[in-house]
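In what follows, a structure is listed as structure tokens, so that the remarks can point back to it.
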Amino acid sequence: MYKTNYHSHNTFCDGKSTMEDIVKAAIREGFSHFGISSHAPVPFESKVALKKERLEEYKTEFKRLKDKYSSEINLYLGLEIDFITDIQEDLKGQKKEYGLDFYVGSIHHVKEHNEDIDSWFIDGHDKDVYDRGLQKFFNSDIKRACSAYFNQQIQMVEKNRPDILGHCDKVYMNNAGRFFDRQTPWYESMVRDFIQVIKENEVIVEVNTRGLYKGRCDDFYPATKWLKIMKQEGIKVTVSTDCHKDTEVGLFYKEALDTLKAIGYREVCYFDGEWKEQLID
Ligand SMILES: [Zn+2]
Ligand SMILES: [Zn+2]
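Residue numbers (this note's numbering): 5 to 285.
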């Protein structure tokens, strides 16, 4: 079975290891197909994203590593691209413009339709940022905020059909069971509705291990509960670690495959120029 991972960061964005150190770690960990996916440029100041003026440098370094390590690993050029309501909605246009092999479509900045440039940042380690944004943009109405989050994901999927759907229940992380949990009826119903949209658009969902190895979440993104429903609905998956440094490249990879097998998945997707499926060992 090919060991694959298409979600990795490096020092071109908010990663802590260089692109080369990430690639060397991937080789050590036995990955055969590996995607580089820095946070794509965004049209506002960001400490996290790759700067647009560094994009050529990013691609040049990728090409150098792809050639240098071609006998050891297959590397693919990607980005993790944000869908942000009214601000950045054409992800497949960016894929084309940047000449990418693939991209991960993700939501980190949540907003409703309005004139604001600013938005609710749901990622990061700081729950206070989450709570303050919830207050500022949604008047602390968590149901309204989650509704905006899932509506945004529905728009992203319907308008772009991303190659990989990134951490699709991340809104749960900084909530940390405080405002709602996975049994909360309105939340479960939002997730179930979104799963139907994923199914209709035949998008591949990543099983992202980062919350577990960072200790920020009690489950994968998406949680096992949602993966079970996705399995019943015939939704395809791929495993990724969303690593930000070389020591994280393979963390909880096997656990993710074991979980998928336990809930009945027999195959995962991989990319070698096109998307295919392979049996889980
Ligand atoms: Zn992300
Ligand atoms: Zn990421």
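Glycine included, each C-beta is placed from N, C-alpha and C at the ideal position.
These figures come from a predicted structure and were not determined experimentally.
Close Cβ partners of residue i (< 7 Å) along its chain, the five nearest in sequence each way excluded
i: F48; result: I121
i: H248; result: H13, D18, G19, K20
i: S311; result: Because the chain spans 5 through 285 in this model, residue 311 falls outside it and cannot be assessed.
i: H112; result: D86, F125, I126, D127
i: G268; result: K235
i: Y217; result: E252, L255, F256
i: Y62; result: F16, S42, L54
i: V175; result: I126, C150, Y153
i: E129; result: The sequence given here has His at residue 129, not Glu. Around H129: R220.
Distance cut-off 6 Å: residue i Cβ against heavy atoms of ligand 2
i: E84; result: yes
i: D173; result: no
i: D94; result: no
i: D246; result: yes
Heavy atom of ligand 1 within 6 Å of residue i beta-carbon
i: S110; result: yes
Cβ-heavy atom distance, residue i to ligand 3, below 6 Å
i: G170; result: In terms of ligand content, the structure shown lacks ligand 3 and carries ligand 1 and ligand 2 instead.
CA nearest to the CA of residue i, picked from the options
i: L104; options: I40, I146, V46; result: I40
i: F38; options: A53, Y102, F106; result: F106
i: S193; options: C150, E162, I168; result: C150
i: I284; options: D276, L264, K115, F275; result: L264
i: A44; options: Q200, G82, I168; result: G82
i: V108; options: H171, A53, K72; result: H171
i: N118; options: F141, M23, D173, Y225; result: F141
i: D173; options: G277, S110, A53; result: S110
i: K70; options: T64, Y62, L79; result: L79
i: E101; options: E116, E60, F198, F66; result: E60
i: S50; options: F16, S74, S36, I77; result: F16
i: K163; options: P226, Y225, G97, T228; result: G97
i: Q90; options: L261, S244, A152, E76; result: Just to set this straight, residue 90 is Asp in the shown sequence, not Gln. Among L261, S244, A152, E76, the Cα nearest to that of D90 is on A152.
i: T22; options: E76, F66, K258; result: F66
i: E24; options: D250, D276, E259; result: D250
i: G34; options: R58, V46, V52, S75; result: S75
i: D223; options: E259, R148, L169, R58; result: E259
i: E84; options: V133, S244, S36; result: S244
i: P166; options: Y6, E210, V195, L261; result: E210
i: L169; options: L95, R148, E116, R220; result: L95
i: I199; options: Y191, L261, G181, W230; result: W230
i: I77; options: K56, R148, T8, G219; result: T8
Chain B contact for residue i (CB, 7 Å cutoff)
i: F256; result: In the displayed structure, chain B is absent; only one protein chain is listed.
Own chain residues within Cβ distance below 6 Å of residue i, not counting five before or after
i: C273; result: I208, K240, T242, W279, E281
i: D246; result: H11, N212, R214
i: K131; result: N178
i: K232; result: I267
i: V201; result: I158, V161
i: C221; result: M177, G215
Same chain, Cβ closer than 8 Å to residue i, five either side skipped, listed in chain order
i: I146; result: L138, N179, F183, F184
i: R270; result: L283, I284
i: T228; result: T263, I267
Stretch-stretch touch, CB-based, cutoff 8 Å, three pairs: the region 134-143 with the region 155-169: no
Three or more C-beta pairs under 8 Å: does that hold for the region 194-208 against the region 239-254? yes
Is the number of C-beta pairs between the region 183-193 and the region 26-36 that are closer than 8 Å three or more? no
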